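Since the structure comes first, as structure tokens, the remarks are kept for the end.
Here is the structure:
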């Protein structure tokens, strides 16, 4: 087994999840963080580093989840924590285009309002 692999619950060796982050601040208002992959305990440092850069600035922040296949509780806690920090100073973290499964998890934990997920997201059509 290599460092880039893990053993799943059935004992099968699988590749470690990956998360890629693209920060777009090129004149867009608000700045946008586009994520691709899975957000779990192994990849949450990528999310933390990327969000910290944007949250330290002024204004709202958009997090685009259209290409996120999975989000675990560690990732949701990071998103919610940053959303609360932004809200305290009068700004918002806006989650954009979550996949249906990611949207369902956000709804189940009751974080749709905090994460400013639109009530009717076009990605669900």
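In the working numbering, the protein residues as written are 322 to 446.
Ideal placement from N, C-alpha and C gives every residue a C-beta, glycine not left out.
Keep in mind that this is a model prediction, so the values were computed, not measured.
For residue i and residue j, I'd like the C-alpha separation in whole angstroms.
i	j	result
residue 403	residue 413	9 angstroms
residue 345	residue 393	24 angstroms
residue 356	residue 375	14 angstroms
residue 378	residue 331	44 angstroms
residue 406	residue 348	23 angstroms
residue 434	residue 428	9 angstroms
residue 300	residue 436	The requested residue 300 does not occur in the structure, where the chain is confined to residues 322 to 446.
Quick check: residue i and residue j, are their CB atoms within less than 8 angstroms of each other?
i	j	result
residue 385	residue 420	no
residue 415	residue 383	yes
residue 361	residue 395	yes
By DSSP's criteria, residue i is part of a beta bridge. Which residues make up the other side?
i	result
residue 417	385
residue 360	392
Rounded C-beta distance between residue i and residue j? I'm assuming under 8 angstroms.
i	j	result
residue 351	residue 381	4 angstroms
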